[in-house]
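Asker:
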Amino acid sequence: MCDLVDTFLISDYIFIMNNTEIQERLRFFFDFFEERIKFIEENCLNRIEGLILSCCYLDSLAGYKYGGRSSKKKFKKFILSYSGFQSIWNRISLPLLKRCLERKNHEFYKPFIKFLEDKLGVKKNKYTDLSYNVDVDLQTLQEKAKGLLEDRYLLQLKGELEEFEYTSILWRDYRNFAVHKTSSKKDEAHPLVEKTEPFYVNYGIMEGNKITREETLFGIPPIFILNTLKACLKNFTDECLKTNIDLFDLEEAIEHPYFKSKKRAIDEENDIDYPRLITKPFRFIYSDAEYFLKKAQICQETFAKTNNAKYKELEAIFSRSCLLFCVVFLEGLTNNILGDFQVVSEDQLPETLRRKCGLNQKELNKISLEDKIYLLPYLCSQDSKFGEEYFQRESKEFQELRELIRIRNSYVHPHPIKRKLQIEMTTDRKFLAKDEFPQNFWPLTKIPKDIFIFQYNHAERAKLITDNIFKKLDNFLQGRLTKDNWLINEKIEFDPSKKTKE
């Protein structure tokens, strides 16, 4: 009997000790935020620094509550759940919404603009009085619109309505501008520091010495943002202390957001027990490149027979498409090779090799395609004796690959073309601009920089380079790309913990 009582006492004691430790840890954690809030109040409440800190601490607390990366959705959810000011924060700024729709000047928005003016009193001249504010939340807006606007119509406006909720404005025009541009789009409304809740004011827009128009501005006072932070912290603290929840044991934040990548989170979310088919979609990209190459050849032959300019234009279109798909194929090929055959991690590579490819500053998935292809043989083989047979950067094949990627990039990220304009004077003293410029080609591949004069032979050259790189990689990887039909092989994964069936 005595032993049994002792057991209960010991169990209770351990339970109390655990609770005490959690309580102490929570108080230490929340005291830190209390000190930060006190610093804002005393030093920078009405300055841009105070705005940045207030929004960042709201963002940080939302991260501890919900886990994962910072996002507008979590930021808004945390404020609406813990601030106690939901009736204010979930309102929609109707004047700003109306101004946005007016600038879009589309027939679709006109019924809604008229509804705002006639039924809700959203008129510019009304906002000369600082106490005038007819903003409502989405639910109230829908109720007021019944019988005047169709529910389906408001549903189509959902995106615009959500963009002008107070929480969205705080995230976009205050938090983001402050953090990324050290300014706020609404700074001009802040001098009215006597306001303690979101407000409107009409400002006269000066042109010269005259006021030509008035603009309705929306302001969220710094003190209201700070009071929101205070209320969120208090309510979140009370919840954690009352339920004895350790922040790092929250279901949504078991793993700290700084150490949990977005990709891994998505993988875990999809990690469920039903079969999944794993394919290599990049092989279809290669088929597309072959198709466009064949079409370009047909157009070239047809043009030679008919001299119809239409086929010349089509030849250029199909040829450009073939080149683009060739490089896309190489990207897909590279990623799939790493996924199936990588046995050496990037941090195990020699320092000179890492530095050469910029791996000291970037992760493997963020380096350039040419560097990734260059590293493939090293990452997919633990036998270093083949190192001398791997890609040499100065070799013709690798330089051609590099140029092909640059050509693709020049199409995907085009810049204005600048050319010297040749002008000559004719006999009757008139100036004539010459547009017959010498053709400009990429030095190694001889592919033209002018995309309008693309021909079948240029696409053929791009595909030949692509095929050579594939053969070279297959050779480096000891035939693994062509062995057992790896390129077209599909797999069925029944469970992440089980072997994959081919």
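If you're matching positions, the sequence shown starts at 654 in my numbering and goes up one per residue.
Glycine included, every Cβ here is placed at the ideal spot set by N, Cα and C.
Sorted by chain position, which residues of the same chain lie with C-beta nearer than 8 Å to Glu908's C-beta, five sequence neighbours on each side aside?
Answerer: Sequence index remark: in the sequence shown, residue 908 carries index 255 (1-based). Any reading at Glu908 must be qualified, since the residue scores a pLDDT of 43, below 50, and its modelled position is unreliable; no value is offered.
Asker: What residue from Asp941, Tyr939 and Ala969 has the CA that sits closest to Gln953's CA?
Answerer: Along the sequence shown, one-based indexing puts residue 953 at 300. Selected option, being the one with the closest Cα: Ala969.
Asker: Alpha carbon to alpha carbon, what distance is there between Glu943 and Asn1138?
Answerer: Here residue 1138 is taken as the residue at index 485 of the sequence shown, counted from 1. Here residue 943 is taken as the residue at index 290 of the sequence shown, counted from 1. Whole-angstrom Cα-Cα distance: 19 Å.
Asker: Use the C-beta contact count for Leu808: other C-beta atoms within 10 angstroms, 16 or more gives buried, fewer gives exposed.
Answerer: Counted from its first residue, the sequence shown places residue 808 at position 155. The residue in question, Leu808, is exposed, as its Cβ has fewer than 16 Cβ neighbours within 10 Å.
Asker: Just reading off the alpha helix (DSSP H) that Phe978 is part of, what are its end residues?
Answerer: Your numbering for residue 978 matches position 325 in the sequence shown. Ala962 to Phe994 is the extent of the alpha helix (DSSP H) around Phe978.
Asker: Under 8 Å, do Arg748 and Val775 count as touching if we go by C-beta distance?
Answerer: Locating residue 748 in the sequence shown gives position 95, where the first residue counts as 1. Locating residue 775 in the sequence shown gives position 122, where the first residue counts as 1. Sequence inspection shows Pro at residue 748; the Arg mentioned does not correspond to that position. Closer than 8 Å, so yes.
Asker: Roughly how many angstroms lie between the CA atoms of Phe945 and Asp1000, to the nearest whole one?
Answerer: Residue mapping note: residue 945 aligns to position 292 of the sequence shown, counting from 1. Residue mapping note: residue 1000 aligns to position 347 of the sequence shown, counting from 1. Their Cα atoms are separated by approximately 40 Å.
Asker: What does a CB cutoff of less than 6 Å around Leu1140 pick up in its chain, not counting 5 residues either side in sequence?
Answerer: Looking up residue 1140 in the sequence shown gives position 487. Excluding positions up to five away in sequence, the list reads Arg936.
Asker: Would you kindly check if the distance between the Cβ of Ile938 and the Cβ of Phe978 is under 8 Å?
Answerer: Taking the sequence shown and counting its residues from 1, one reaches residue 978 at position 325. Taking the sequence shown and counting its residues from 1, one reaches residue 938 at position 285. Contact: yes.
Asker: Applying the 10 Å Cβ sphere with the 16-neighbour rule, what's the burial state of Arg1061?
Answerer: By one-based count along the sequence shown, residue 1061 stands at place 408. By the 10 Å Cβ count, Arg1061 comes out buried.
Asker: Using 10 angstroms around the beta-carbon of Pro1003, count the other beta-carbons present and answer buried if the total reaches 16, otherwise exposed.
Answerer: By 1-based counting over the sequence shown, the position of residue 1003 is 350. By the 10 Å Cβ count, Pro1003 comes out exposed.
Asker: Between the Cα of Arg680 and those of Ser707, Leu769, Cys893 and Ile701, spot the shortest distance and give me the residue it belongs to.
Answerer: For the purposes of this step, residue 680 is taken as residue 27 along the sequence shown, with counting starting at 1. When each option's Cα is compared against that of Arg680, the closest is Cys893.
Asker: How would you call Arg1114, buried or exposed, if buried means at least 16 neighbouring beta carbons within 10 angstroms?
Answerer: As a first step, residue 1114 is located in the sequence shown; it is residue number 461 there, counting from the start. Buried, because 16 or more other Cβ atoms sit within 10 Å of the Cβ of Arg1114.
Asker: In whole angstroms, what separates the C-alpha of Asn1018 from that of Phe982?
Answerer: In the sequence shown, residue 1018 corresponds to position 365, counting from 1. In the sequence shown, residue 982 corresponds to position 329, counting from 1. Between Asn1018 and Phe982, the C-alpha separation is close to 16 Å.
Asker: For the segment 811–828 against the segment 716–734, do three or more pairs of beta-carbon atoms, one drawn from each stretch, fall closer than 8 Å, so that the two count as touching?
Answerer: Yes, they touch.
Asker: Are the Cβ atoms of Leu1012 and Glu984 separated by less than 8 Å?
Answerer: Your numbering for residue 1012 matches position 359 in the sequence shown. Your numbering for residue 984 matches position 331 in the sequence shown. Not closer than 8 Å, so no.
Asker: Within 8 Å, do at least three Cβ pairs link the segment 745–759 to the segment 795–806?
Answerer: With a cut-off of 8 Å, the segment 745–759 and the segment 795–806 do not count as touching, because too few Cβ pairs lie within range.
Asker: Indicate the three-state DSSP secondary structure (helix, strand or coil) for Arg744 in the structure shown.
Answerer: By 1-based counting over the sequence shown, the position of residue 744 is 91. Arg744 falls in the strand class under three-state DSSP.
Asker: So, for Ile1104: in the same chain, excluding its five sequence neighbours on each side, which residues have a beta-carbon less than 8 Å away from its beta-carbon?
Answerer: Working through the sequence shown from its first residue, we reach residue 1104 at position 451. Correct list, in chain order: Ala969, Arg973 and Tyr1064.
Asker: Determine whether the beta carbon atoms of Tyr827 and Trp742 lie at a separation below 8 Å.
Answerer: Here residue 827 refers to the residue found at position 174 of the sequence shown. Here residue 742 refers to the residue found at position 89 of the sequence shown. No, these two residues do not count as a Cβ contact at 8 Å.
Asker: Ordered along the chain, which non-local residues of its own chain (more than five positions away) have a Cβ less than 6 Å from that of Tyr785?
Answerer: Taking the first residue of the sequence shown as 1, we reach residue 785 at position 132. Correct list, in chain order: Lys779.
Asker: Span of the alpha helix (DSSP H) holding Gly812?
Answerer: As a first step, residue 812 is located in the sequence shown; it is residue number 159 there, counting from the start. Here the alpha helix (DSSP H) through Gly812 covers Lys811 to Glu816.
Asker: Leu1029 and Ile1058 look like a contact to me (Cβ under 8 Å); what is the Cβ gap, rounded to whole Å?
Answerer: Mapped onto the sequence shown, residue 1029 falls at position 376. Mapped onto the sequence shown, residue 1058 falls at position 405. Wrong, their Cβ atoms sit about 15 Å apart, outside the cutoff.
Asker: Hey, could you find the ends of the alpha helix (DSSP H) Arg1059 is sitting in?
Answerer: Mapped onto the sequence shown, residue 1059 falls at position 406. Note, Arg1059: alpha helix (DSSP H), Lys1049 to Val1065.
Asker: Any idea if Leu769 is buried or exposed, counting beta-carbon neighbours within 10 angstroms, 16 or more meaning buried?
Answerer: Reading the sequence shown from its first residue, position 116 is the one you call residue 769. So Leu769 counts as buried.
Asker: Over what stretch of residues does the alpha helix (DSSP H) that includes Asp941 continue unbroken?
Answerer: The residue labelled residue 941 in the question sits at position 288 within the sequence shown. Element bounds for Asp941: Phe935 to Thr959.
Asker: Just to confirm, is the Cβ distance from Leu653 to Ile675 under 8 Å?
Answerer: Missing from the structure shown is residue 653; the chain here goes from 654 to 1155 and no further.
Asker: Run the proximity test for Leu810: is its beta-carbon closer than 7 Å to any non-hydrogen atom belonging to the ligand PLP?
Answerer: This structure simply doesn't include the ligand PLP, nor any ligand for that matter.
Asker: In this structure, how does DSSP classify Glu868 when only helix, strand and coil are distinguished?
Answerer: Stepping through the sequence shown from its first residue, residue 868 is reached at position 215. Of the three classes helix, strand and coil, the one that applies to Glu868 here is strand, per DSSP.
Asker: Report the residue from Gln739, Phe685 and Leu1126 whose alpha carbon sits nearest the alpha carbon of Leu886.
Answerer: Sequence index remark: in the sequence shown, residue 886 carries index 233 (1-based). Per the Cα distances, Phe685.
Asker: Assuming Lys797 and Lys772 are in contact, meaning their beta carbons sit under 8 Å apart, how far apart are those beta carbons, in whole angstroms?
Answerer: For the purposes of this step, residue 797 is taken as the residue at position 144 of the sequence shown. For the purposes of this step, residue 772 is taken as the residue at position 119 of the sequence shown. About 6 Å; that satisfies the 8 Å criterion.
Asker: Report yes if the CB atom of Lys647 is closer than 8 Å to the CB atom of Pro874, and no otherwise.
Answerer: For residue 647 there is no data in the structure shown, the boundaries of the chain being 654 and 1155.
Asker: Can you tell me whether DSSP reads Tyr1031 as helix, strand or coil?
Answerer: On the sequence shown, residue 1031 is found 378 positions in, with the first residue counted as 1. In this structure, Tyr1031 counts as helix in the three-state DSSP scheme.
Asker: Specify, as a first and last residue, the run of the alpha helix (DSSP H) that Pro1096 falls within.
Answerer: Locating residue 1096 in the sequence shown gives position 443, where the first residue counts as 1. Segment: none, Pro1096 is in no alpha helix (DSSP H) and carries neither H nor E.
Asker: Can you tell me the Cα-Cα spacing of Leu964 and Glu755, whole angstroms?
Answerer: For the purposes of this step, residue 964 is identified with residue 311 of the sequence shown, where counting begins at 1. For the purposes of this step, residue 755 is identified with residue 102 of the sequence shown, where counting begins at 1. The residue asked about is misnamed: residue 964 is Tyr in this sequence, not Leu. Rounded to whole angstroms, Tyr964 to Glu755 spans 46 Å at the Cα level.
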